[in-house]
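Asker:
Numbering (the working numbering), first residue to last: 717 to 793.
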């Protein structure tokens with residue numbers, strides 16, 4: 717049986733397998749009325765086709781107080 721030894725995750729150690737994404741860096745901005753921060757375009761991914769594009773982002777949100785009063789609704793195609 718093989719033994720697997722855990723190692724700390726770093727960009728350098730993981731590079732042969734792909735990108736490590738995190739919520740660091742300066743490419744971030746507030747969204748949803750300041751209730752969340754979007755960490756934008758964090759990694760590179762391949763896509764095929766004339767207009768193909770993959771965008772990887774993460775969002776860190778803040779909790780809302782209850783009861784929730786909706787002041788904004790988004791619609792995505």
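No residue lacks a Cβ here, since even glycine has one placed at the ideal position from N, Cα and C. Just so it is clear, the structure is predicted and the values come from calculations on it, not from any experiment.
Does the separation of the CB atoms of residue 773 and residue 791 fall below 8 Å?
Answerer: The Cβ-Cβ distance between residue 773 and residue 791 does not fall below 8 Å.
Asker: Alpha carbons only, please: which of 717, 758, 749 is nearest the one belonging to residue 741?
Answerer: 758
Asker: Where do the N-terminal and C-terminal ends of the alpha helix (DSSP H) with residue 719 fall, by residue?
Answerer: Neither: residue 719 is in no alpha helix (DSSP H) and is coded neither H nor E.
Asker: If you reduce the DSSP assignment to three classes, tell me which class residue 727 lands in.
Answerer: Correct three-state label for residue 727: helix.
Asker: Give the C-beta separation of residue 752 and residue 775 to the nearest angstrom, bearing in mind that I take them to be a contact with Cβ-Cβ under 8 Å.
Answerer: 5 Å
Asker: State the DSSP-derived secondary structure class of residue 734, mapped to helix, strand or coil.
Answerer: coil
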